[in-house]
Amino acid sequence: MQNILDAIKNEASAEEFANLELPESYRAMTVHKDEVDMFEGIASRDKDPRKSLHLDEVAMPEIGPGEAIVAVMASAINYNTVWTSIFEPVSTFGFLERYGRESALGKRHDLPYHIVGSDLAGVVLAVGPGVTKWKAGDRVVAHCLSVELEAPDGHNDTMMDPSQRIWGFETNFGGLADVAMVKANQLMPKPEHLTWEEAASPGLVNCTAYRQLVSKNGGGMKQGDNVLIWGASGGLGGFATQYALNGGANPVCVVSNEEKAQIVRNMGAEMVINRSELDPKFWNEEGTKQNPKEWQRFGKAIRELTGGEDIDIVFEHPGRETFGASVYVTRKGGTITTCASTSGYMHEYDNRYLWMNLKRIISSHFANYRESWEANRLVAQGKIHPTLSRVYTLEETGQAALDVHHNKHQGKVGVLCLADEEGLGVKNEELRAKHLDKINLFRGI
């Protein structure tokens, strides 16, 4: 791999990249099929990704039509890597087995190990038959939507394709590795004012936030909307806060402590609810029954910030813990957009507040290619910024996943893969200097 890294650092020509010989194997973070029961009987919080994530030497996959092999300079941790590593809610090997039954190309993914990771920034090493837009040597990031588009369903919105999968979660050959294999239509231009690790970090969460809040397929946010953002300084919430501010909306940012409150204020938010101060008790101690009086108290705190107005759009991703309150505080005719459910998938809410007040619940899952392209374009223009707070080495991926699992992080956590140090990959120094404070906003926290 050293010759590939040298070529990237020396900005080799497209011809030189095309003539590089692909290695027979490479380093990758994996989970193993024969270990899916290793955490049986252990509470979710006590499951340790450091025990299940392995740094292995794996064989280079055979590239197929419409695909690309990418040298991964950097990647990042998302909750789906945490879920994969603790085998919840199900083992991801079931996804790989189903993919393997679809076709001979799909069968390549059905292996006794799963290479994880749904973000990357790097350089194209090779492309398969039929790829014309990208070539060896192109500097890219990748979104994580993998589709076949052989059925009619996905041709208005590719997220509706029956074969839609999340790369590195429901497919193999993910981004937490020195090399990744993607479909060529996952590739997008790398924002050249960012380092490799900065460019890799927005990916999944940026595109998800764009669809869930901005797109007509999600909240369809407009100027003046009051937007309630749970976890406003986190991986998803940090981008939702930026989109609300950039789009002329009024974000009401919910955070868990004063340190995180200061982060969102530094981003430009003015309306902040610190949960450690308000201390809402939405559920009883047993977690079996909700307390509507606490919904009301939470709603009152929101109105005190908004001048008596209710919420137009809720950016919901905690799930079970907060969903009842989210439905309650939304204005008549308002919208609750939901994804992820990191605190639990079994939501409970009082349907009277939804049905009689004509509120809408919209499910949102990642983003289609167009939405992903638009989200990345805004990063490249310096209008949306990375929320990178800390960077680990590939060998430290287990610890990085554990930190995300226990919510010890701010924003996004990056991982150096082929890159041997931070700070590489910047080409547009002028644009970087213009936005450096925003780029580094989450650093050193």
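For what it's worth, my numbering labels the leading residue of the sequence shown as 907, then goes sequentially. A virtual CB, placed ideally from N, CA and C, is assigned to each residue, including glycine. Note that this is a predicted model, so its numbers are computed, not measured.
Query, Result
"Contact under 7 Å by Cβ, residue 1043 with residue 978", "no"
"Residue 1156, enclosing beta strand (DSSP E) - first and last residue", "1156-1161"
"Extent of the continuous alpha helix (DSSP H) run through residue 1230", "1229-1235"
"Three-way DSSP call (helix, strand, coil) for residue 1020 in this model", "strand"
"Boundaries (first-last residue) of the alpha helix (DSSP H) holding residue 953", "No alpha helix (DSSP H) contains residue 953, which DSSP labels as neither H nor E."
"Residues of its chain near residue 981, where Cβ-Cβ distance is below 6 Å and the 5 sequence neighbours each way are ignored", "1023, 1025, 1026, 1081, 1082, 1106, 1321 and 1323"
"Cα-Cα separation between residue 1303 and residue 1135, rounded to whole angstroms", "28 Å"
"Helix, strand or coil at residue 1180 according to DSSP, with G and I counted as helix", "strand"
"Sequence-distant residues of its chain with Cβ nearer than 7 Å to residue 999 (five each side left out)", "939, 942 and 1020"
"N-terminal and C-terminal residue of the beta strand (DSSP E) that residue 1341 is part of", "Here residue 1341 belongs to no beta strand (DSSP E); instead the alpha helix (DSSP H) covers 1335-1345."
"Closest Cα partner of residue 937 within the set 948, 924 and 964", "964"
"Continuous beta strand (DSSP E) assignments of at least 3 residues falling wholly in the stretch 964-1000", "973-983"
"Pair within 7 Å by beta-carbon distance, residue 1123 and residue 1218", "no"
"The stretch 1272-1285 / the stretch 954-961 touching (three or more Cβ pairs under 8 Å)", "no"
"Minimum length 4: unbroken alpha helix (DSSP H) runs contained in the stretch 1249-1296", "1257-1261 and 1275-1286"
"Three-state secondary structure assigned by DSSP to residue 897", "The structure shown does not extend to residue 897, since the chain is modelled only from 907 through 1351, so no value can be given for it."
"Beta-bridge pairing of residue 1095 - partner residues as DSSP gives them", "1046"
"Outcome for residue 1262 when other beta-carbon atoms lying within 10 angstroms are tallied against a minimum of 16", "exposed"
"Alpha carbon of residue 1060 to alpha carbon of residue 1172, nearest angstrom", "40 Å"
"Best match in 1307, 928 and 1313 for proximity to residue 988 [C-alpha to C-alpha]", "1307"
"N-terminal and C-terminal residue of the beta strand (DSSP E) that residue 909 is part of", "First-last for residue 909: 908-915, but that is the alpha helix (DSSP H), not the beta strand (DSSP E)."
"Own chain, CB closer than 6 Å to residue 1108, minus 5 neighbours either side, in chain order", "1285 and 1292"
"Residue 1194 classed as buried or exposed, judged by whether at least 16 other C-beta atoms fall within 10 angstroms", "exposed"
"Inter-stretch contact at 8 Å, needing at least 3 Cβ pairs: the stretch 1186-1201 / the stretch 1110-1130", "no"
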